[in-house]
Ligand code: R5P
């Protein structure tokens, strides 16, 4: 592996082999998502606890201070919106590699939509992006997207998506956690896997349990958005998740930490 590629990956994946990415890219197709109406305000208190942030060039330029930030995972796919849910899989590449370099991105990220009407196009988008990014030593993180079809989040489908993403050259794959068979999803993917959270779940403990279980089953960490910043206590959430990922905390220990931060004791 080239020095530049190794260096960028090491900015994202920490020396313990684990990673906590914080995505705030949701607006690229959802618009001003709840609690992300002002992305700068949402992300500012969370930055110290994230290993990297994932976002689009527009939000990076307008909402993130370039003098005090974290490694950037630049979302470079899009071109669709929630106004046409049936077309969510019809993404193209929205941002050039030149722009990613100018913005000093540590990685770029793009969605693939396996099994959708635009599967072929999204897989070629990934391949073309990898072709270009490898020239410059920039890792590509593939996002195995399901659009509005959240029921697709089961092991057989996720394993298919992750493996295809790795085969086409993604250096990291972001996918969803699933309760049954997640270890098979990770085992079939020869590059590091991080978990997204999806829509906010009912309790904090539920989040801590799935993050912990996913790590036990081989994921290197998370790319977790709404379950962090839609919480009433986002800093407590991200610190508790960080403890699971980087300090081997159990879900109960993470929950105790969450409670004590929430009550202002830490
Ligand atoms: C999709 O909107 C984005 O790629 C998000 O970065 C991804 O879904 C992770 O965020 P969340 O944990 O909110 O699902």
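Residue numbers (the working numbering): 34 to 299.
The C-beta atom is built at its ideal place from N, Cα and C for all residues, glycine as well.
Cα atoms of residue 280 and residue 188: separation of roughly 27 Å, rounded to the nearest angstrom. Counting only the Cα atoms, residue 169 lies some 11 Å from residue 139. Closest option to residue 287, judged by alpha-carbon separation, among 255, 192, 237: 237. About 20 Å separates the CB atoms of residue 160 and residue 121; that is not less than 8 Å, and the two are not in contact. Residue pairing from DSSP places residue 56 in a beta bridge opposite 87. Residue 277 is positioned such that its CB atom lies closer than 7 Å to that of residue 244. By the neighbour-count definition (other C-beta atoms within 10 Å, threshold 16), residue 177 is a buried residue.
When C-beta atoms of the segment 190 to 205 are compared with those of the segment 213 to 230, three or more pairs fall below 8 Å, so the two segments count as touching. Considered as a whole, the segment 220 to 260 harbours 237 to 249 as its complete alpha helix (DSSP H) runs of no fewer than 4 residues, in chain order. Each residue's CA atom was taken as its position, placing residue 42 and residue 172 some 7 Å apart. When beta bridges are read from the DSSP output, residue 208 appears opposite 228.
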